[in-house]
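See structure below.
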Amino acid sequence: MSAKFSFQKGKPHVTLNIHPRIPMQKASALTKALAAVLMAASVLLTGCAPACGSDSPSLPQSQAVILRLAETMPENHPSARAMAYFAEMVSRETQGRVTVKIYYNGSLGTPTEIIEQVKFGGIAMARVNVLELSEEVESIRKFFVPSNFAGGDAQIEWVRNNEETLRDECQMDRITPLVWYYPDFRCFYGTDCTFLDKKDLEGKKIESSESALMAEIFRDMGIELAGSVNTNTYKSLISGNIDGAESSFSEFICNNYDQYIHFVTKNDAWCLPDVMIINTENLTSLSKEDREAVEKCAQSTYQYQKQSMEQFHKIWVETLTEEPEVRFSEGAFR
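Residue numbers (the working numbering): 558 to 891.
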């Protein structure tokens, strides 16, 4: 199946985050309430009984497996598009025996809550970033410090050479990584100043991911991690509570921050990849044929996600560069 992309260019088309995010307290409550229901459904739908072991035959159509996949971004995010492509392939390759049902826009909780539920089987699968995954699987944190790599190519080569190690570490927490994706570049942004290099960031209060890995990165650069990027980031910027914010470029665009933040600096020095994960018991409960199909389909999405991300970058970097109200700069943060 050929990969097709249809990103739209220009301000009038910024409609990516079409579903409002659930507030933190409400999301937490909803996630806890869903956990018991999803856990029970997971057993019924994914066949976790011992009889459905690694050598069991494929399930008949009447006992089709439904794998719930949590996606924190809207459907037009490049990695989210790869999840849709994955779901299509799984349905086709298993002849409908396995269905992947995607929940977009963090509707099943925050990344941290989602990973916790994947660990315990309440949610079968998810697409997350290594920043959040390394909070649950702390042993992999040391592998993804940006200073370890010269760039995205070097990091992906390392991941491919060490996939078995990463898999073993994650499976100790009942999580199996199915595919690691080419990393998005990241960016710093603010309302009244540009951050062009490390000196511009020294002593500044910057919002970003509240993960231990990001805290370590910030500490090494002399930056104060002022909290997590959220729906109140713009208010924090204009009120002077923070000096700037940091996120992946695709997150910046998909959250529509480009509509009101006018200083954006590209940071391609930090490689922090997305990863598709699955609860290990959910994976091993599938028949051998379907398990191999799911793993093969996941690996097949790597190139699709990379091409999708590249096109996303091309369109939006060009759009921001041409936008007179936005100052888009190339940073030097190595």
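Each residue gets a CB set at the ideal place from its N, CA and C atoms; glycine is no exception.
The structure displayed is predicted, hence computed values, not measured ones.
Hey, quick one: how far does the beta strand (DSSP E) through residue i stretch, first residue to last?
{"i": "GLU733", "result": "Looking at the sequence shown, residue 733 is not Glu but Thr. Looking at the DSSP string, the run of the beta strand (DSSP E) that includes THR733 is 732-737."}
{"i": "THR656", "result": "655-660"}
{"i": "GLU628", "result": "622-628"}
{"i": "GLY666", "result": "No beta strand (DSSP E) holds GLY666; DSSP gives it neither H nor E."}
{"i": "ALA783", "result": "781-785"}
{"i": "VAL702", "result": "From DSSP, VAL702 is part of no beta strand (DSSP E); its letter is neither H nor E."}
{"i": "ALA683", "result": "682-686"}
Over the uninterrupted alpha helix (DSSP H) stretch that includes residue i, give me the two end residues.
{"i": "THR822", "result": "Segment 820-824 is the beta strand (DSSP E) holding THR822; no alpha helix (DSSP H) there."}
{"i": "SER636", "result": "635-650"}
{"i": "TYR746", "result": "Counting along the chain, TYR746 falls outside any alpha helix (DSSP H), though it belongs to the beta strand (DSSP E) covering 743-747."}
{"i": "VAL883", "result": "Careful: VAL883 lies outside any alpha helix (DSSP H) and carries neither H nor E."}
{"i": "ILE763", "result": "Taken as a continuous stretch (DSSP letters only), ILE763 belongs to no alpha helix (DSSP H), being part of the beta strand (DSSP E) at 762-765."}
{"i": "GLY797", "result": "Where GLY797 is concerned, there is no enclosing alpha helix (DSSP H), given that its DSSP letter is neither H nor E."}
{"i": "ASP835", "result": "Correcting the residue identity first, residue 835 is Ile in this sequence and not Asp. Where ILE835 is concerned, there is no enclosing alpha helix (DSSP H), although the beta strand (DSSP E) it sits in stretches over 831-836."}
{"i": "ILE774", "result": "769-778"}
Please tell me whether residue i has its Cβ less than 8 Å away from any Cβ of chain B.
{"i": "ARG654", "result": "Protein chain content of the structure displayed is limited to a single chain, and chain B is not contained in it."}
Quick one: using the 10 Å Cβ neighbour count with 16 as the cut-off for buried, is residue i buried or exposed?
{"i": "ALA707", "result": "exposed"}
{"i": "GLN816", "result": "exposed"}
{"i": "LEU591", "result": "Bear in mind that the predicted position of LEU591 carries a pLDDT of just 38, short of 50, making it unreliable; the figure below should be weighed with that in mind. Buried, because 16 or more other Cβ atoms sit within 10 Å of the Cβ of LEU591."}
{"i": "ASN718", "result": "exposed"}
{"i": "ASN662", "result": "buried"}
{"i": "GLY666", "result": "buried"}
{"i": "ALA608", "result": "Caution is warranted here: a pLDDT of 35 is assigned to ALA608, below 50, making its placement in the model unreliable, and the coordinate value is therefore given only provisionally. ALA608 is exposed by the Cβ-count criterion."}
{"i": "ASN705", "result": "exposed"}
At the level of alpha carbons, what is the spacing between residue i and residue j?
{"i": "LEU843", "j": "GLY709", "result": "33 Å"}
{"i": "ILE763", "j": "CYS744", "result": "12 Å"}
{"i": "TRP715", "j": "VAL657", "result": "29 Å"}
{"i": "LYS845", "j": "TYR660", "result": "26 Å"}
{"i": "THR822", "j": "GLU720", "result": "32 Å"}
{"i": "ALA889", "j": "ASP757", "result": "10 Å"}
{"i": "ILE818", "j": "ASP847", "result": "46 Å"}
{"i": "LEU829", "j": "PHE701", "result": "7 Å"}
{"i": "GLU803", "j": "ALA826", "result": "13 Å"}
{"i": "ALA641", "j": "ILE680", "result": "17 Å"}
{"i": "GLU767", "j": "GLU781", "result": "11 Å"}
{"i": "MET866", "j": "TYR738", "result": "10 Å"}
{"i": "VAL622", "j": "SER805", "result": "33 Å"}
{"i": "LEU595", "j": "ALA639", "result": "Any reading at LEU595 is ruled out, since the residue's pLDDT is 37, under 50, leaving its predicted position unreliable."}
{"i": "GLU882", "j": "ILE872", "result": "17 Å"}
Please state if the CB of residue j and the CB of residue i are separated by a distance shorter than 8 Å.
{"i": "GLY801", "j": "GLY779", "result": "no"}
{"i": "VAL832", "j": "VAL655", "result": "no"}
{"i": "THR748", "j": "LEU840", "result": "no"}
{"i": "PRO703", "j": "GLN862", "result": "no"}
{"i": "MET682", "j": "LEU753", "result": "no"}
{"i": "GLY678", "j": "ASN824", "result": "no"}
{"i": "SER857", "j": "MET646", "result": "yes"}
{"i": "TYR859", "j": "VAL687", "result": "no"}
{"i": "THR751", "j": "SER886", "result": "yes"}
{"i": "LEU794", "j": "ARG698", "result": "no"}
{"i": "LYS792", "j": "ARG731", "result": "no"}
Using a Cβ-based criterion (distance less than 7 Å to any ligand heavy atom), does residue i qualify as near the ligand FMN?
{"i": "SER768", "result": "As presented, the structure is devoid of all ligands, the ligand FMN included, so that no description of it is given."}
Worksheet item: Are the segment 853-862 and the segment 783-794 touching by the rule of at least three beta carbon pairs closer than 8 Å?
Response: no
Worksheet item: Three or more beta-carbon pairs under 8 Å between the segment 802-810 and the segment 869-882, yes or no?
Response: yes
Worksheet entry | Contact between the segment 623-632 and the segment 665-678 (3+ Cβ pairs under 8 Å) | yes
Practice prompt. Please determine if the segment 690-705 and the segment 644-654 are in contact, where contact requires at least 3 C-beta pairs separated by less than 8 Å.
Written response: no
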